[in-house]
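In the working numbering, the protein residues as written are 557 to 939.
Cβ coordinates follow ideal geometry from the N, Cα and C atoms, glycine included.
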Ligand code: COA
């Protein structure tokens, strides 16, 4: 059975002092319901991606909170967690719920409110997605882990510091075209290279920011979708894979096996290959992340991601536009919401509703990563 996305909704990303955690999800969900043209009573279930409500806002049991505040009690609501891949995984759970015939229409989305605690606590909370015993407890942070990956990539493949910066420059250029993005300003390579050092070689402008936000999709069986829309976007492929949780246990540090394995499954299910993808949202939590991602997904040869970025292959107008939304770097990275937000962007692109950042595409892909590469979730969407 094919599964369609019949509605999408997203909040503005950034620091949202005036909005509560549940209001962010309710706003994104209400926008998606309106977009789909359905009624709340048509919804069979909710899947909520959320990394750490407990540590960020002292709130667990967030699935029931959201069902309650959405006025959707008593339908089942399930929280899904895989660190920064929680949103992508919620989408996959929603997809599987419909494909299995269990439900007809579900909400799949994600939410995170990260700015209510102090910066040090945020960094510690994010570090819980690494191996507590061998990494976080000893002081390791996510910028630190990705910095080690970047160093190794530079060492093995000759990736340059400037090429890393070019990922950020591109994504900020795209983010400027996205009214929902956290950062809407262009930056230069020189600005990246002179920004504050965070974890050598990664600087402030190599990092995704701390973000509040939510995103939702309404999924329906093909039969149900026809009742509501003439232009559904189908999720034709889905893949998920794991790797070791700690970086030092990986066979190779600068290669992402979880991404490659998840992509292989998604391509197989969709009957597609990397060369068929025309637009992609790739997990650029750090600039090196996008380079690893485009290599793992097969868009470019392993080791050539920096060069492809420098040559403009991943820019709007390039061979395979990546992160038209601004990516995690410029659009923002509310960790539990990110995977759902990536799919919202691809739906906008495939429906021709991406405004100034619109590209010509019939087939798109999302790539969502948890931790330093311990989880990867890939989806393929088609008109
Ligand atoms: N990119 C661009 N600008 C950023 C930024 C980012 N990632 N993070 C913060 N800024 C800006 C702020 O807007 C602020 O600008 P202003 O002075 O004009 O208002 C300034 O930099 C200082 O912000 P502040 O919040 O004090 O930054 P910080 O030093 O506390 O945090 C990082 C910066 C990079 C440490 C933080 O954004 C971070 O931890 N990012 C990584 C998040 C992460 O690991 N996610 C999970 C990935 S797996």
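List the residues that DSSP assigns as beta-bridge partners of residue i.
{"i": "residue 662", "result": "601, 775"}
{"i": "residue 790", "result": "560, 938"}
{"i": "residue 758", "result": "755"}
{"i": "residue 566", "result": "771"}
{"i": "residue 635", "result": "604"}
{"i": "residue 933", "result": "796, 924"}
{"i": "residue 901", "result": "According to DSSP, residue 901 bridges with nothing at all."}
For residue i and residue j, I'd like the C-alpha separation in whole angstroms.
{"i": "residue 589", "j": "residue 595", "result": "7 Å"}
{"i": "residue 782", "j": "residue 642", "result": "29 Å"}
{"i": "residue 722", "j": "residue 840", "result": "12 Å"}
{"i": "residue 736", "j": "residue 768", "result": "12 Å"}
{"i": "residue 560", "j": "residue 775", "result": "6 Å"}
{"i": "residue 693", "j": "residue 817", "result": "29 Å"}
{"i": "residue 576", "j": "residue 711", "result": "44 Å"}
{"i": "residue 885", "j": "residue 761", "result": "8 Å"}
{"i": "residue 644", "j": "residue 650", "result": "10 Å"}
{"i": "residue 796", "j": "residue 646", "result": "12 Å"}
{"i": "residue 726", "j": "residue 871", "result": "6 Å"}
{"i": "residue 920", "j": "residue 938", "result": "6 Å"}
{"i": "residue 612", "j": "residue 809", "result": "30 Å"}
{"i": "residue 592", "j": "residue 563", "result": "4 Å"}
{"i": "residue 705", "j": "residue 904", "result": "32 Å"}
{"i": "residue 569", "j": "residue 691", "result": "30 Å"}
{"i": "residue 699", "j": "residue 766", "result": "13 Å"}
{"i": "residue 707", "j": "residue 662", "result": "42 Å"}
{"i": "residue 887", "j": "residue 733", "result": "10 Å"}
{"i": "residue 780", "j": "residue 628", "result": "20 Å"}
{"i": "residue 907", "j": "residue 777", "result": "19 Å"}
{"i": "residue 689", "j": "residue 681", "result": "14 Å"}
{"i": "residue 598", "j": "residue 609", "result": "28 Å"}
{"i": "residue 931", "j": "residue 763", "result": "19 Å"}
{"i": "residue 856", "j": "residue 864", "result": "7 Å"}
{"i": "residue 825", "j": "residue 922", "result": "15 Å"}
{"i": "residue 617", "j": "residue 883", "result": "29 Å"}
{"i": "residue 773", "j": "residue 566", "result": "9 Å"}
{"i": "residue 866", "j": "residue 758", "result": "18 Å"}
{"i": "residue 581", "j": "residue 811", "result": "34 Å"}
{"i": "residue 614", "j": "residue 587", "result": "26 Å"}
Can you look up residue i in the DSSP assignment and give me helix, strand or coil?
{"i": "residue 839", "result": "coil"}
{"i": "residue 857", "result": "coil"}
{"i": "residue 921", "result": "strand"}
{"i": "residue 808", "result": "coil"}
{"i": "residue 768", "result": "strand"}
{"i": "residue 679", "result": "helix"}
{"i": "residue 590", "result": "helix"}
{"i": "residue 667", "result": "strand"}
{"i": "residue 878", "result": "strand"}
In or out: residue i buried (at least 16 other Cβ within 10 Å) or exposed?
{"i": "residue 742", "result": "exposed"}
{"i": "residue 744", "result": "exposed"}
{"i": "residue 804", "result": "exposed"}
{"i": "residue 852", "result": "buried"}
{"i": "residue 677", "result": "exposed"}
{"i": "residue 753", "result": "exposed"}
{"i": "residue 716", "result": "exposed"}
{"i": "residue 583", "result": "buried"}
{"i": "residue 829", "result": "exposed"}
{"i": "residue 831", "result": "exposed"}
{"i": "residue 696", "result": "buried"}
{"i": "residue 574", "result": "exposed"}
{"i": "residue 750", "result": "exposed"}
{"i": "residue 524", "result": "Absent from the model: residue 524. The displayed extent of the chain is 557 to 939, so no value can be given."}
{"i": "residue 787", "result": "exposed"}
{"i": "residue 849", "result": "buried"}
{"i": "residue 901", "result": "buried"}
{"i": "residue 675", "result": "exposed"}
{"i": "residue 846", "result": "buried"}
{"i": "residue 868", "result": "exposed"}
{"i": "residue 714", "result": "exposed"}
At a threshold of 7 Å, does residue i count as lining the ligand ATP (C-beta to nearest heavy atom)?
{"i": "residue 766", "result": "In the structure shown, the ligand ATP is absent; the only ligands present are the ligand COA."}
- Query: How do the region 891 to 900 and the region 664 to 684 stand: do at least 3 beta-carbon pairs fall below 8 Å, yes or no?
  - Reply: Under the three-pair Cβ rule at 8 Å, the region 891 to 900 counts as touching the region 664 to 684.
- Does the region 821 to 838 touch the region 876 to 883, meaning 3 or more C-beta pairs lie closer than 8 Å? With a cut-off of 8 Å, the region 821 to 838 and the region 876 to 883 count as touching, because enough Cβ pairs lie within range.
- Is it a yes or a no for the region 673 to 688 touching the region 921 to 931, going by three-plus beta-carbon pairs under 8 Å? Contact holds between the region 673 to 688 and the region 921 to 931, because three or more Cβ pairs, one in each stretch, are under 8 Å apart.
- Touching by the beta-carbon criterion (3+ pairs, under 8 Å), the region 904 to 916 and the region 638 to 657: Judged by Cβ distances under 8 Å, the region 904 to 916 makes no contact with the region 638 to 657, as fewer than three pairs qualify.
- Message: Could you check whether the region 635 to 650 touches the region 598 to 611, counting it as contact only if at least three pairs of C-beta atoms, one from each stretch, sit closer than 8 Å?
- Response: Contact annotation: the region 635 to 650 touches the region 598 to 611, with at least three C-beta pairs closer than 8 Å.
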